[in-house]
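Residue numbering for the sequence shown follows my numbering, starting at 121 and increasing by one per position.
Yeah, the Cβ is synthetic: ideal placement off N, Cα and C, and Gly gets one too.
Given the structure is predicted, the values throughout are model-derived calculations rather than measurements.
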Amino acid sequence: MSLRTYAADEREMLLVFLQRQRDQVVCGVADFPEDARRVATPNGLTVPRLVCHLRDVERCWLRRWFAGEKDLAAFGLDTDDLGVPPTPDRVPLPELVEAYVAESRRCDEVVAAHGLDDVAANGRHTLRWILHHLVAETARHLGHLDLLREAAAGGPADGPVDGGATVITPAPAVRPRTGASPR
Numbered sequence: 121m122s123l124r125t126y127a128a129d130e131r132e133m134l135l136v137f138l139q140r141q142r143d144q145v146v147c148g149v150a151d152f153p154e155d156a157r158r159v160a161t162p163n164g165l166t167v168p169r170l171v172c173h174l175r176d177v178e179r180c181w182l183r184r185w186f187a188g189e190k191d192l193a194a195f196g197l198d199t200d201d202l203g204v205p206p207t208p209d210r211v212p213l214p215e216l217v218e219a220y221v222a223e224s225r226r227c228d229e230v231v232a233a234h235g236l237d238d239v240a241a242n243g244r245h246t247l248r249w250i251l252h253h254l255v256a257e258t259a260r261h262l263g264h265l266d267l268l269r270e271a272a273a274g275g276p277a278d279g280p281v282d283g284g285a286t287v288i289t290p291a292p293a294v295r296p297r298t299g300a301s302p303r
């Protein structure tokens, strides 16, 4: 999708922004080297886990909580969770991306059948609120994806931790010397 001057109603804009974020996730992992997939943040987030999380977030918000499909696994996203989260770190990235794209399409069907002011089956949020939330959540995780890609490419990363995963460590803060004038 190209950047251009775009005039549309709120619904179309929300859907365009969400799809743009989704497309950036897919592009961001398209050429991610399989041997770098174990690069992780200090809390254990890897590219495979990030893709699965985004898939699960869309499924839970749009199909489970909004549309009321209660038999869907939430994998830690709900107090009445169903299922045990899979271990995505061993699944090839193309398969994970395919599952994410397929889930996004199923979620798009739910969105297409409802108005922005429709309230979720759980009674907590409107579709408008959920779409805004999904745009923000996906964008936030795109930042994490950027950091993981940087670390995989030789950015600021430490050695092996936790069974060979590379953990990204924050760079030490640079503080001005006492008495030094800012430039």
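Residue j beta carbon less than 8 angstroms from that of residue i
i      : j      : result
Thr246 : Val255 : no
Trp181 : His253 : yes
Arg269 : Tyr220 : no
Leu138 : Thr258 : yes
Thr166 : His264 : no
Sequence-distant residues of its chain with Cβ nearer than 6 angstroms to residue i (five each side left out)
i      : result
Gln144 : Leu262
Arg248 : Leu236
Arg142 : Ser224
Ala156 : Ala272
Val159 : Leu268, Ala271, Ala272 and Thr286
Leu135 : none
Thr199 : Reliability fails at Thr199, whose pLDDT of 47 lies under 50, so the model's placement of it is uncertain and the value that follows must be treated cautiously. Contacts found: none.
Spatial neighbours of residue i in its chain, beta-carbon cut-off 7 angstroms, leaving aside the 5 residues before and after
i      : result
Ala187 : Val230 and Ala241
Val211 : Pro168
Arg131 : Leu236
Val146 : Val217 and Val221
The alpha helix (DSSP H) enclosing residue i, as first and last residue numbers
i      : result
Trp185 : Trp185 -> no alpha helix (DSSP H), and no H or E assigned at all.
Thr258 : Leu247 to Ala272
Cys180 : No alpha helix (DSSP H) contains Cys180, which DSSP labels as neither H nor E.
Pro214 : Leu213 to Ala232
Phe137 : Glu130 to Ala150
Per-residue burial, residue i [other beta carbons within 10 Å of its own, 16 or more giving buried]
i      : result
Ala272 : buried
Cys227 : buried
Arg225 : exposed
Ala150 : exposed
Glu154 : exposed
Ala127 : exposed
Contacting residues, own chain, Cβ-Cβ under 8 angstroms from residue i (five flanking each side not counted)
i      : result
Ala215 : Ala is not the amino acid found at residue 215; the sequence shown has Glu there. Around Glu215: no qualifying Cβ.
Asp266 : Gly148
C-beta neighbour in chain C for residue i, strict 8 angstroms
i      : result
Val255 : Although the question refers to chain C, the structure presented lacks it and comprises just one protein chain.
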